[in-house]
Amino acid sequence: MRSPLADAERERLIAAILPEVPFDGWTFRALRNAARQAGIAPGEAVALFPRGASDLIAAFSHWADRQMIARMENERSDTVLVEPGSLSRRVALALRLRFEVLLPWREAVRRGLSVLALPQNAPLAARLLYDTVDAVWYAVGDHSTDFSFYTKRASLAGIYMAAMLYWLDDRSPEFADTRAFVDRRLADLGRIGAVRRRLSAAADSLPRPFRLLRPYR
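The sequence shown finishes on residue 301 if you use our numbering, and the numbering steps up by one all the way, no holes.
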(Lines of atoms letter the chains of each structure in order from A and count residues from 1; the text may use other names and numbers.)
(Lines give C-alpha, C1' and ligand atoms only; values in the text may rest on other atoms or scores of the structure.)
Protein backbone atom coordinates (compact mmCIF):
# COMPACT_ATOMS: atom_id res chain seq x y z
CA MET A 1 0.00 0.00 0.00
CA ARG A 2 1.37 3.39 -0.97
CA SER A 3 1.98 5.98 1.72
CA PRO A 4 0.88 9.60 1.15
CA LEU A 5 4.04 10.73 2.96
CA ALA A 6 6.24 8.58 0.71
CA ASP A 7 4.40 9.86 -2.37
CA ALA A 8 4.99 13.46 -1.24
CA GLU A 9 8.68 12.74 -0.75
CA ARG A 10 8.90 11.11 -4.18
CA GLU A 11 7.37 14.23 -5.70
CA ARG A 12 9.87 16.46 -3.89
CA LEU A 13 12.71 14.29 -5.11
CA ILE A 14 11.50 14.39 -8.71
CA ALA A 15 11.35 18.19 -8.55
CA ALA A 16 14.87 18.26 -7.09
CA ILE A 17 16.43 15.74 -9.48
CA LEU A 18 15.28 17.33 -12.73
CA PRO A 19 18.03 20.00 -12.76
CA GLU A 20 20.59 17.25 -12.04
CA VAL A 21 19.60 14.90 -14.87
CA PRO A 22 21.20 16.87 -17.74
CA PHE A 23 24.57 16.44 -16.00
CA ASP A 24 24.35 13.03 -14.29
CA GLY A 25 21.47 11.32 -16.09
CA TRP A 26 18.78 9.30 -14.30
CA THR A 27 21.30 7.87 -11.87
CA PHE A 28 21.66 7.20 -8.16
CA ARG A 29 24.29 9.92 -8.08
CA ALA A 30 21.74 12.45 -9.33
CA LEU A 31 19.19 11.06 -6.86
CA ARG A 32 21.55 11.46 -3.91
CA ASN A 33 22.33 15.04 -4.97
CA ALA A 34 18.60 15.71 -5.24
CA ALA A 35 18.02 14.21 -1.80
CA ARG A 36 20.51 16.61 -0.25
CA GLN A 37 18.80 19.52 -2.01
CA ALA A 38 15.39 18.34 -0.74
CA GLY A 39 16.60 17.69 2.80
CA ILE A 40 15.92 13.96 2.57
CA ALA A 41 18.40 11.34 3.72
CA PRO A 42 20.13 9.85 0.65
CA GLY A 43 19.50 6.31 1.89
CA GLU A 44 15.81 7.06 2.24
CA ALA A 45 15.73 8.51 -1.26
CA VAL A 46 17.31 5.38 -2.73
CA ALA A 47 14.76 3.26 -0.84
CA LEU A 48 11.95 5.24 -2.47
CA PHE A 49 13.35 4.49 -5.95
CA PRO A 50 14.98 1.05 -5.48
CA ARG A 51 15.20 0.27 -9.21
CA GLY A 52 16.94 3.53 -9.96
CA ALA A 53 16.40 4.99 -13.42
CA SER A 54 13.25 3.03 -14.25
CA ASP A 55 11.51 4.07 -11.01
CA LEU A 56 12.64 7.67 -11.42
CA ILE A 57 11.49 7.95 -15.03
CA ALA A 58 8.13 6.37 -14.18
CA ALA A 59 7.63 8.85 -11.34
CA PHE A 60 8.59 11.73 -13.65
CA SER A 61 6.15 10.61 -16.33
CA HIS A 62 3.29 10.23 -13.85
CA TRP A 63 4.14 13.63 -12.36
CA ALA A 64 3.88 15.19 -15.83
CA ASP A 65 0.53 13.43 -16.38
CA ARG A 66 -0.83 14.88 -13.13
CA GLN A 67 0.44 18.35 -14.01
CA MET A 68 -1.24 18.14 -17.42
CA ILE A 69 -4.57 17.11 -15.85
CA ALA A 70 -4.35 19.95 -13.33
CA ARG A 71 -3.69 22.48 -16.09
CA MET A 72 -6.62 21.13 -18.11
CA GLU A 73 -8.87 21.60 -15.09
CA ASN A 74 -7.71 25.22 -14.89
CA GLU A 75 -8.73 25.64 -18.54
CA ARG A 76 -12.35 24.61 -17.99
CA SER A 77 -13.62 28.10 -18.74
CA ASP A 78 -11.85 28.14 -22.12
CA THR A 79 -14.35 27.92 -25.00
CA VAL A 80 -12.34 25.10 -26.57
CA LEU A 81 -13.41 22.88 -23.66
CA VAL A 82 -17.13 23.60 -23.91
CA GLU A 83 -17.57 24.01 -27.63
CA PRO A 84 -19.59 21.12 -29.09
CA GLY A 85 -17.72 18.80 -31.38
CA SER A 86 -14.30 20.00 -30.28
CA LEU A 87 -12.87 16.72 -28.98
CA SER A 88 -9.83 16.84 -31.24
CA ARG A 89 -9.15 20.42 -30.15
CA ARG A 90 -9.33 19.37 -26.49
CA VAL A 91 -6.89 16.55 -27.17
CA ALA A 92 -4.55 18.98 -28.95
CA LEU A 93 -4.77 21.31 -25.96
CA ALA A 94 -3.98 18.48 -23.52
CA LEU A 95 -0.90 17.49 -25.53
CA ARG A 96 0.23 21.12 -25.74
CA LEU A 97 -0.12 21.51 -21.97
CA ARG A 98 1.86 18.35 -21.31
CA PHE A 99 4.66 19.60 -23.54
CA GLU A 100 4.57 22.90 -21.65
CA VAL A 101 5.01 20.97 -18.39
CA LEU A 102 8.02 19.19 -19.86
CA LEU A 103 9.52 22.24 -21.57
CA PRO A 104 12.05 23.16 -18.84
CA TRP A 105 13.18 19.53 -18.73
CA ARG A 106 13.64 18.57 -22.36
CA GLU A 107 17.06 17.07 -21.73
CA ALA A 108 15.62 14.96 -18.90
CA VAL A 109 12.91 13.77 -21.31
CA ARG A 110 15.50 12.95 -23.96
CA ARG A 111 17.61 10.97 -21.50
CA GLY A 112 14.52 9.22 -20.18
CA LEU A 113 13.51 8.10 -23.66
CA SER A 114 17.01 6.69 -24.18
CA VAL A 115 16.63 4.58 -21.04
CA LEU A 116 13.15 3.42 -22.02
CA ALA A 117 14.45 2.42 -25.46
CA LEU A 118 16.55 -0.34 -23.90
CA PRO A 119 15.03 -3.78 -24.59
CA GLN A 120 14.62 -4.66 -20.91
CA ASN A 121 12.56 -1.50 -20.40
CA ALA A 122 10.09 -2.12 -23.22
CA PRO A 123 7.26 -3.21 -20.86
CA LEU A 124 7.73 -0.10 -18.74
CA ALA A 125 7.82 2.15 -21.82
CA ALA A 126 4.54 0.64 -23.04
CA ARG A 127 2.90 1.05 -19.65
CA LEU A 128 3.97 4.68 -19.29
CA LEU A 129 2.77 5.47 -22.81
CA TYR A 130 -0.60 3.91 -22.02
CA ASP A 131 -0.83 5.83 -18.73
CA THR A 132 -0.17 9.12 -20.52
CA VAL A 133 -2.72 8.67 -23.30
CA ASP A 134 -5.24 7.41 -20.73
CA ALA A 135 -4.60 10.58 -18.71
CA VAL A 136 -5.16 12.68 -21.84
CA TRP A 137 -8.53 11.07 -22.55
CA TYR A 138 -9.48 11.49 -18.90
CA ALA A 139 -8.45 15.15 -18.98
CA VAL A 140 -10.57 15.90 -22.07
CA GLY A 141 -13.62 14.30 -20.49
CA ASP A 142 -13.92 11.17 -22.62
CA HIS A 143 -15.81 8.49 -20.71
CA SER A 144 -16.19 5.80 -23.37
CA THR A 145 -16.31 2.22 -22.09
CA ASP A 146 -16.94 0.33 -25.32
CA PHE A 147 -14.41 -0.91 -27.88
CA SER A 148 -13.55 2.70 -28.76
CA PHE A 149 -11.92 2.97 -25.31
CA TYR A 150 -9.06 0.84 -26.64
CA THR A 151 -8.95 2.14 -30.19
CA LYS A 152 -8.80 5.76 -29.03
CA ARG A 153 -5.86 5.02 -26.77
CA ALA A 154 -4.01 3.01 -29.38
CA SER A 155 -4.49 5.74 -31.99
CA LEU A 156 -3.45 8.54 -29.66
CA ALA A 157 -0.38 6.58 -28.50
CA GLY A 158 1.03 6.68 -32.03
CA ILE A 159 0.29 10.38 -32.40
CA TYR A 160 1.76 11.25 -29.01
CA MET A 161 5.03 9.39 -29.54
CA ALA A 162 5.51 10.91 -32.99
CA ALA A 163 4.74 14.37 -31.59
CA MET A 164 7.15 13.84 -28.70
CA LEU A 165 10.03 13.04 -31.05
CA TYR A 166 9.09 16.02 -33.22
CA TRP A 167 8.89 18.32 -30.18
CA LEU A 168 12.32 17.33 -28.89
CA ASP A 169 13.96 18.87 -31.98
CA ASP A 170 11.45 21.66 -32.60
CA ARG A 171 13.03 25.13 -32.55
CA SER A 172 10.05 27.06 -33.94
CA PRO A 173 8.61 29.99 -31.93
CA GLU A 174 6.32 28.68 -29.16
CA PHE A 175 6.65 25.24 -30.76
CA ALA A 176 4.25 26.21 -33.53
CA ASP A 177 5.57 23.41 -35.76
CA THR A 178 4.78 20.77 -33.15
CA ARG A 179 1.30 22.16 -32.65
CA ALA A 180 0.70 22.09 -36.41
CA PHE A 181 2.07 18.53 -36.54
CA VAL A 182 -0.38 17.41 -33.84
CA ASP A 183 -3.29 19.18 -35.55
CA ARG A 184 -2.52 17.40 -38.84
CA ARG A 185 -2.30 13.99 -37.20
CA LEU A 186 -5.53 14.50 -35.29
CA ALA A 187 -7.26 15.69 -38.47
CA ASP A 188 -6.05 12.56 -40.28
CA LEU A 189 -7.36 10.44 -37.41
CA GLY A 190 -10.71 12.21 -37.55
CA ARG A 191 -11.05 11.61 -41.28
CA ILE A 192 -10.24 7.92 -40.87
CA GLY A 193 -12.82 7.66 -38.10
CA ALA A 194 -15.46 9.34 -40.25
CA VAL A 195 -14.80 6.93 -43.13
CA ARG A 196 -15.05 3.94 -40.80
CA ARG A 197 -18.36 5.19 -39.41
CA ARG A 198 -19.77 5.63 -42.92
CA LEU A 199 -18.62 2.15 -43.92
CA SER A 200 -20.15 0.68 -40.78
CA ALA A 201 -23.45 2.45 -41.42
CA ALA A 202 -23.45 1.26 -45.04
CA ALA A 203 -22.79 -2.32 -43.96
CA ASP A 204 -25.68 -2.16 -41.49
CA SER A 205 -28.01 -1.31 -44.39
CA LEU A 206 -26.96 -4.35 -46.45
CA PRO A 207 -29.15 -7.46 -46.67
CA ARG A 208 -28.36 -9.87 -43.85
CA PRO A 209 -26.21 -12.35 -45.93
CA PHE A 210 -23.77 -9.54 -46.75
CA ARG A 211 -23.31 -8.67 -43.09
CA LEU A 212 -21.30 -11.85 -42.74
CA LEU A 213 -18.51 -10.06 -44.57
CA ARG A 214 -18.21 -7.36 -41.91
CA PRO A 215 -15.64 -9.20 -39.73
CA TYR A 216 -13.28 -9.21 -42.73
CA ARG A 217 -13.14 -5.38 -43.08
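Ideal Cβ placement from N, Cα and C applies to all residues, glycine included.
Using a 10 angstroms sphere on the CB of ARG116, the tally of other CB atoms reaches 16 or more, which defines it as buried. Non-local C-beta neighbours of ARG182 in its own chain, meaning closer than 7 angstroms and more than five positions away in sequence, comprise ALA148, MET152, ordered along the chain. Segment contact: the segment 116 to 135 against the segment 169 to 189, fewer than three CB-CB distances shorter than 8 angstroms; contact not assigned. Burial check for SER228: the Cβ neighbour count within 10 Å stays below 16, so the residue is exposed. Rounded to the nearest whole angstrom, the CA to CA distance from ARG94 to ARG150 is 14 angstroms. It is roughly 33 angstroms from the alpha-carbon of PHE112 to the alpha-carbon of MET156. The three-state reading of DSSP puts HIS146 in helix, counting H, G and I together. In this structure the segment 241 to 248 lies against the segment 267 to 274, because at least three pairs of beta carbons, one per stretch, are closer than 8 angstroms.
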